[in-house]
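K.L.:
Numbering (the numbering used here), first residue to last: 3 to 173. All residues carry an ideal CB built from backbone N, CA and C; glycine is no exception. Treat the numbers as computed from the prediction; the structure is a model and nothing was measured. Below you will find the structure I want to go over with you.
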């Protein structure tokens with residue numbers, strides 16, 4: 003059975019749809035305005051040579067097929083990952099942040115027939131250089147589901163965001 007993921011700030015067949023995804027700094031004072039999205043190309047609509055600008059595929063183990071899909075939760079594109087044999091892979095982007103700030107990472111994930119194995123968690127978003135900061139992991143078949151995590155960046159001035167398929171094991 004083939005497993006797929008799509009990302010729209012994550013959507014999984016695995017589809018990660020970034021259209022609604024964001025990293026935003028949480029301010030001590032609540033403002034009437036929504037904080038800006040710090041991710042370049044959060045909707046994944048910007049592309050060059052058929053690839054999403056700013057996003058790169060990363061493989062830690064196994065085999066994954068990276069997809070720049072012509073469908074999304076609210077836009078025209080999303081990021082996807084498929085794996086027939088299991089993988090720990092991600093679409094990744096580096097985002098500048100203010101040291102010692104508090105941020106929210108949120109996005110949307112859609113999954114189809116996603117079964118974790120060998121310690122894998124499923125489809126999720128995580129901050130690579132601030133582990134164990136991660137969203138809830140999705141498995142099985144799920145329609146677009148919003149996930150989020152609030153985190154402190156300590157002394158970091160950038161964070162590496164993963165739209166992750168597998169997560170410390172295979173999926």
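Under 8 Å, with one C-beta from each stretch per pair, do the region 62 to 71 and the region 146 to 160 reach the 3-pair mark?
P.N.:
Verdict: no, contact absent.
K.L.:
If we count Cβ pairs, one from each stretch, closer than 8 Å, do we get three or more for the region 68 to 80 versus the region 115 to 126?
P.N.:
Touching, no, given that fewer than three Cβ pairs across the two stretches are closer than 8 Å.
K.L.:
Give the secondary structure of residue 164 by DSSP, where H, G and I count as helix, E and B as strand, and everything else as coil.
P.N.:
Strand at residue 164.
K.L.:
Report yes if the C-beta distance between residue 123 and residue 169 is below 7 Å; otherwise report no.
P.N.:
Yes; because the gap between Cβ atoms is below 7 Å, this pair is in contact.
K.L.:
Are the beta-carbon atoms of residue 94 and residue 162 separated by less than 7 Å?
P.N.:
Yes.
K.L.:
So with Cβ pairs under 7 Å, would you call residue 164 a contact of chain C?
P.N.:
Among the protein chains of the structure shown there is no chain C, as only one such chain exists.
K.L.:
Taking Cβ positions, are residue 60 and residue 92 nearer each other than 7 Å?
P.N.:
Yes, these two residues count as a Cβ contact at 7 Å.
K.L.:
Look at the alpha carbon of residue 69 and the alpha carbon of residue 102, and state the distance between them as a whole number of angstroms.
P.N.:
Roughly 34 Å between the two C-alpha positions.
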